[in-house]
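S.K.: Per our numbering, residue 362 is the first one in the sequence shown, and the count goes up by one each step.
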Amino acid sequence: MGQRRSTRASSPGRSAKSPDPRGFFRRYTEGLRRRDLERLWSKDAPRAFDILTREHRAEAMGQEKRDPGKRWFGRARLIFLGLSYRLSPARRAVFAFSVLCALLGLLNLNWVVGTATHGMRISVQASPFLFTLAFGSLLFLFAVEMVDRVLVRDELQVAHELQGDLMPKAAPSVPGWSFAHAWRTANGLGGDYYAFLPAGEHRLAVIIGDASGHGMAAALLMAIANATLQTAVETDPTPIRAVELLHRILLRTGDRRAFMALFYGLLDTESGEFEYICAGQPFPLLRRRGGEIEELGSGALPLGMSPTLKLTPGRTVINPGDLLVLYTDGLPEGLDADGAEAFGFEHLNTLLLAGGSAETAHSRIWLDFRRHAGEAGLEDDVTMVVLERQPVNVPQPPLPEPPSPPAT
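#1: Look at the Cβ atom of residue 722, then the Cβ atom of residue 684, and state whether they are nearer than 8 Å.
#2: How would you call residue 363, buried or exposed, if buried means at least 16 neighbouring beta carbons within 10 angstroms?
#3: Helix, strand or coil, according to DSSP, for residue 677 in the structure here?
#4: Measure the C-alpha to C-alpha separation of residue 634 and residue 549 and round it to an integer number of angstroms.
#5: Where does residue 489 sit, in a helix, a strand or coil, going by DSSP?
#6: What first and last residue would you give for the beta strand (DSSP E) that runs through residue 693?
#7: Near residue 376, what residues of its chain come up, given a Cβ to Cβ distance below 6 Å and the 5 sequence neighbours on each side ignored?
#8: Near residue 491, what residues of its chain come up, given a Cβ to Cβ distance below 6 Å and the 5 sequence neighbours on each side ignored?
#9: Could you check the C-alpha separation between residue 724 and residue 660 for me, to the nearest Å?
#10: Is the beta carbon of residue 572 closer than 8 Å to that of residue 555?
#11: Residue 559 bridges to which residues according to DSSP?
#12: Please report the residue range of the beta strand (DSSP E) in which residue 634 lies.
#13: When DSSP labels each residue in this structure, what does residue 715 get in the three-state scheme?
#14: Should residue 666 go down as buried or exposed, given a rule of 16 or more other Cβ atoms within 10 Å for buried?
#15: Rounded to the nearest angstrom, how far is the Cβ of residue 601 from that of residue 674, given a contact under 8 Å?
#16: Suppose the cutoff is 8 Å on Cβ atoms and the five residues either side in sequence are ignored; what does the same chain contact list for residue 670 look like?
#17: Run the CB neighbour count on residue 433, radius 10 Å, all protein chains shown included, and call it buried at 16 or more, exposed below.
#18: Quick one: using the 10 Å Cβ neighbour count with 16 as the cut-off for buried, is residue 628 buried or exposed?
#19: Rounded to the nearest angstrom, what separates residue 454 and residue 498 at their Cα positions?
#20: Please classify residue 507 as buried or exposed, where buried requires at least 16 neighbouring CB atoms within 10 angstroms.
#21: First and last residue of the beta strand (DSSP E) that includes residue 540?
#22: Which partner residues of residue 570 appear in the DSSP bridge assignment?
If you want it as structure tokens, here you go:
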């Protein structure tokens with residue numbers, strides 16, 4: 362009886378240590394949403410096909426025009442070549458071996474060992490063995506590629522943190538002015554850039570830019586721009602000198618794809634005078650206290666694109682109660698979750714018309730953009746900076762003293 366009671370007492374312990382299939386399923390599917398699955402087939406799959414096949418697509422399209430019956434075979438060949446030539450030679454050989462085993466596994470092959478004259482004959486069906494071999498080889502290839510991706514992801518995370526260190530941690534503290542700012546990258550690394558750089562007594566350089574491309578290449582251009590503009594502001598912060606210096610640096614990269622849209626403004630924080638240059642960047646919006654909206658800038662190519670770049674400085678005065686909104690093109694061009702409608706310049710103007718403080722206007726636009734974009738990934742980086750010259754509080758005249766009561 363005692364042994365029986367011991368057995369019953371140990372049963373709950375074994376049950377607690379046994380694996381829970383339902384718990385594993387919940388952990389395995391944690392974070393999975395229907396929208397993500399739809400995006401996998403509607404956006405990710407076409408993008409993957411486009412990237413994998415673009416090097417061999419012209420040849421395949423020519424074959425399809427000559428013989429439409431070869432369309433599916435041609436696309437399968439494109440995918441095979443696209444995957445193969447993005448692997449190292451050794452991994453390419455493993456991939457080809459896996460595909461060959463899978464194709465042979467479709468055939469009904471039998472291996473015969475021994476002969477009937479020796480009294481023993483063994484027949485082995487090759488299909489399951491070849492399919493298992495193909496699956497194992499692909500699983501091995503997936504594992505080594507996944508390890509590479511994890512290592513690259515860790516390096517990108519470090520680069521993302523370093524890039525974040527280049528961005529302003531907090532708004533500048535300037536008497537009579539308020540600032541609000543935010544940025545969001547489409548990938549782990551982005552090419553958007555903005556800065557508030559002190560440029561001497563009562564002067565502040567307000568900069569926003571967008572480097573060409575995405576990812577690591579754009580982030581490197583952004584880092585070059587940051588270092589160059591830091592030096593320029595220390596030597597000669599006038600817009601034409603600072604922007605021309607960055608333009609020359611980008612031209613020396615020797616890559617025609619290395620260019621950057623930039624807006625550079627030099628603000629006198631006492632008088633409100635604002636001198637600026639806009640090179641390929643969306644024109645900032647200056648909302649006057651009375652509700653009028655002005656665009657700051659003139660048409661120009663991005664920096665580093667052409668040696669004969671013509672830059673036209675502009676000048677205005679930001680008065681008390683005015684709002685200035687600077688942004689990159691990812692804001693008005695941002696698509697909704699369905700990819701059908703852009704946020705739009707007109708909608709941005711409408712939101713700005715409501716006015717308010719820098720923080721209020723920034724929150725209104727930013728939250729509305731996030732609702733518009735939904736939870737889908739961004740196609741481009743988004744950055745927005747709002748600055749306000751705070752209204753001057755006019756002192757009220759003192760109230761008249763009440764009349765003295767009549768003498769009795």
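Just so it is clear, CB atoms sit at the ideal spot from N, CA and C, and this is done for glycine as well.
Treat the numbers as computed from the prediction; the structure is a model and nothing was measured.
M.R.: Once the coordinates are examined:
#1: Here residue 722 refers to the residue found at position 361 when the sequence shown is read from its first residue. Here residue 684 refers to the residue found at position 323 when the sequence shown is read from its first residue. With respect to residue 684, residue 722 sits close: the two C-beta atoms are nearer than 8 Å.
#2: Within the sequence shown, residue 363 is the residue found at index 2, counting from 1. Because residue 363 carries a pLDDT of 43, less than 50, the predicted location of this residue cannot be relied on, and the following value inherits that uncertainty. So residue 363 counts as exposed.
#3: In the sequence shown, the residue the question calls residue 677 occupies position 316. Annotated three-state conformation of residue 677 is strand, per DSSP.
#4: For this step, residue 634 is matched to residue 273 along the sequence shown. For this step, residue 549 is matched to residue 188 along the sequence shown. Distance between residue 634 and residue 549, taken at the CA atoms: about 37 Å.
#5: Stepping through the sequence shown from its first residue, residue 489 is reached at position 128. In the structure shown, residue 489 sits in a helix (DSSP, three-state: H, G or I).
#6: If you number the sequence shown from 1, residue 693 lands on position 332. Per DSSP, residue 693 belongs to no beta strand (DSSP E) and is neither H nor E.
#7: On the sequence shown, residue 376 is found 15 positions in, with the first residue counted as 1. Legend: pLDDT at residue 376 = 48, less than 50; position of this residue unreliable, no value from coordinates given.
#8: Start at 1 with the first residue of the sequence shown, and residue 491 comes out as number 130. Annotation for residue 491: 462, 465, 466 place their beta carbon closer than 6 Å to its own, counting only its chain and skipping 5 residues before and after.
#9: The count along the sequence shown starts at 1 and reaches residue 724 at position 363. The count along the sequence shown starts at 1 and reaches residue 660 at position 299. Between residue 724 and residue 660, the C-alpha separation is close to 29 Å.
#10: Here residue 555 is taken as the residue at index 194 of the sequence shown, counted from 1. Here residue 572 is taken as the residue at index 211 of the sequence shown, counted from 1. Their beta carbons are not under 8 Å apart, which means residue 555 does not touch residue 572 by this criterion.
#11: Counting from one through the sequence shown, the residue named residue 559 turns up at place 198. Residue 559 is bridged to 565.
#12: In the sequence shown, counting from the first residue as 1, residue 634 sits at position 273. Its beta strand (DSSP E) spans residues 634-640.
#13: Here residue 715 refers to the residue found at position 354 when the sequence shown is read from its first residue. In the structure shown, residue 715 sits in coil (DSSP, three-state: anything other than H, G, I, E or B).
#14: The residue given as residue 666 occupies position 305 in the sequence shown. Answer is buried; the Cβ neighbour count reaches 16.
#15: On the sequence shown, position 240 is the one that residue 601 refers to. On the sequence shown, position 313 is the one that residue 674 refers to. Rounded, the Cβ-Cβ distance is 6 Å, consistent with contact.
#16: Along the sequence shown, read from residue 1 onward, the residue named residue 670 stands at position 309. Excluding positions up to five away in sequence, the list reads 608, 640, 661, 662, 664.
#17: Numbered from its first residue, the sequence shown carries residue 433 at position 72. By the neighbour-count criterion, in which a residue is buried when 16 or more other Cβ atoms sit within 10 angstroms of its Cβ, residue 433 is exposed.
#18: If you number the sequence shown from 1, residue 628 lands on position 267. The residue is buried, with at least 16 neighbouring Cβ atoms inside 10 Å.
#19: Start at 1 with the first residue of the sequence shown, and residue 454 comes out as number 93. Start at 1 with the first residue of the sequence shown, and residue 498 comes out as number 137. Distance between the alpha carbons of residue 454 and residue 498: 10 Å.
#20: As a first step, residue 507 must be located in the sequence shown, where it is residue number 146. Under this definition residue 507 is an exposed residue.
#21: Walking along the sequence shown from the start, residue 540 turns up at place 179. Its beta strand (DSSP E) spans residues 538-545.
#22: Residue 570 sits at position 209 when you count from the first residue of the sequence shown. Looking at the DSSP assignment, residue 570 forms a beta bridge with 554, 623.
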